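Participant: If you read the protein sequences in the order shown, they are chains A and B. Per this note's numbering, residue 206 is the first one in the first sequence, and the count goes up by one each step. Per this note's numbering, residue 533 is the first one in the second sequence, and the count goes up by one each step.
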Amino acid sequence: GQQVMQIPQYQHVQEGEDFTTYCNSSTTLSNIQWYKQRPGGHPVFLIQLVKSGEVKKQKRLTFQFGEAKKNSSLHITATQTTDVGTYFCAGPKSSNTGKLIFGQGTTLQVKP
Amino acid sequence: DAGVIQSPRHEVTEMGQEVTLRCKLISGHNSLFWYRQTMMRGLELLIYFNNNVPIDDSGMPEDRFSAKMPNASFSTLKIQPSEPRDSAVYFCASTTGQGYTDTQYFGPGTRLTVL
Chain A
206 GQQVMQIPQY QHVQEGEDFT TYCNSSTTLS NIQWYKQRPG GHPVFLIQLV KSGEVKKQKR
266 LTFQFGEAKK NSSLHITATQ TTDVGTYFCA GPKSSNTGKL IFGQGTTLQV KP
Chain B
533 DAGVIQSPRH EVTEMGQEVT LRCKLISGHN SLFWYRQTMM RGLELLIYFN NNVPIDDSGM
593 PEDRFSAKMP NASFSTLKIQ PSEPRDSAVY FCASTTGQGY TDTQYFGPGT RLTVL
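(1) In chain B, what lies closer than 9 angstroms to A/Asn-236 by C-beta?
(2) Could you give the C-beta distance for A/Ile-252 and A/Phe-268, rounded to a whole number, given that I count them as a contact under 8 angstroms?
(3) Kindly list the residues whose CB is nearer than 7 angstroms to the CB of A/Lys-261, restricted to its own chain and excluding five residues on each side of it in sequence; keep chain order.
(4) Step through the CB atoms of chain B and report whether any lies within less than 7 angstroms of the CB of A/Pro-317.
(5) How would you write the range of the beta strand (DSSP E) that B/Thr-608 sits in, first residue to last?
(6) To be precise: take each residue of the region 254–275 of chain A, compare its Cβ to all Cβ atoms of chain B, and keep it if any distance is under 9 angstroms. Which residues remain?
(7) What did DSSP end up calling B/Arg-554 once you bin it into helix, strand or coil?
(8) Out of A/Pro-317, A/Thr-311, A/Lys-316, point me to the one whose CA is closest to A/Thr-225's CA.
(9) Which residues in the same chain as A/Glu-220 place their Cβ atom closer than 8 angstroms to its Cβ, once the five residues preceding and following it in sequence are excluded?
Right, here's the structure in full:
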């Protein structure tokens, strides 16, 4: 069945270092969504990418959708302690439903 | 506007007891998803509804789990009888039901502990 995989599973960085998480789908996606879950919290929507090769930025966060629409990445420049949490990518199960297939997430720890 | 509301936020119960988790959708949303999150298995979709109708319940673990959506804004997830392996955080999420571009709005979750 359709799968969405993320690497790495965990990442520990020193505050100020950059961080990247990668997301790969077994199938072509109509769009990719990213969510962030703070420790003890719930997933919160960050962004959606729809076009092949699309790049979007939110302050220090850069999101990219691959040309083949099967992979995506999230890059954080100069991490801060507020970036701590688990980052999930998710793609729709099919083009006509709202069901999402979530990756297993990348948990980011930032050492001050 | 209020977000997705879940109750209770924490539930501790003993094995064999019935547990009912509740979820109120965002006003105007018409799709509802129930998830379970554990360290071992991550975020699992249990069931989702569109316009009060269950669309996909393939993630429901077994017959001990049941979910209902008695009206457009409210849903319950029931576990009867509960078992220690049901301990997890249960989230519901709602969307506008527009289709593949929907983004999901998660509730704060219910942390369930079955002793």
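For each residue, glycine too, the CB sits at the ideal point set by N, CA and C. It should be emphasised that the depicted structure is a prediction, and the values quoted were computed from it without experimental measurement.
Facilitator: Straight from the coordinates:
(1) Here residue 236 of chain A is taken as the residue at index 31 of the first sequence, counted from 1. Chain B residues near A/Asn-236: Tyr-632, Thr-633.
(2) The sequence position of residue 252 of chain A within the first sequence is 47, counting from 1. The sequence position of residue 268 of chain A within the first sequence is 63, counting from 1. About 5 angstroms separates the beta carbons of A/Ile-252 and A/Phe-268, which is inside the 8 angstroms limit, making them a contact pair.
(3) Walking along the first sequence from the start, residue 261 of chain A turns up at place 56. Ile-252, Leu-254, Phe-268, listed in sequence order.
(4) Reading the first sequence from its first residue, position 112 is the one you call residue 317 of chain A. No, because no Cβ of chain B sits closer than 7 angstroms to the Cβ of A/Pro-317.
(5) In the second sequence, counting from the first residue as 1, residue 608 of chain B sits at position 76. B/Thr-608 -> beta strand (DSSP E) spans 606–611.
(6) Taking 9 angstroms as the upper bound on Cβ-Cβ separation, chain B lies near residues Val-255 of the region 254–275 of chain A.
(7) Here residue 554 of chain B is taken as the residue at index 22 of the second sequence, counted from 1. Correct three-state label for B/Arg-554: strand.
(8) Taking the first sequence and counting its residues from 1, the one referred to as residue 225 of chain A is at position 20. Residue A/Thr-311 is the option with its Cα nearest to A/Thr-225.
(9) The residue labelled residue 220 of chain A in the question sits at position 15 within the first sequence. Apart from sequence neighbours up to five positions away, the residues of its chain that approach A/Glu-220 with a beta-carbon distance below 8 angstroms are Thr-284, Gln-285, Thr-286, Val-315, Lys-316, Pro-317, ordered along the chain.
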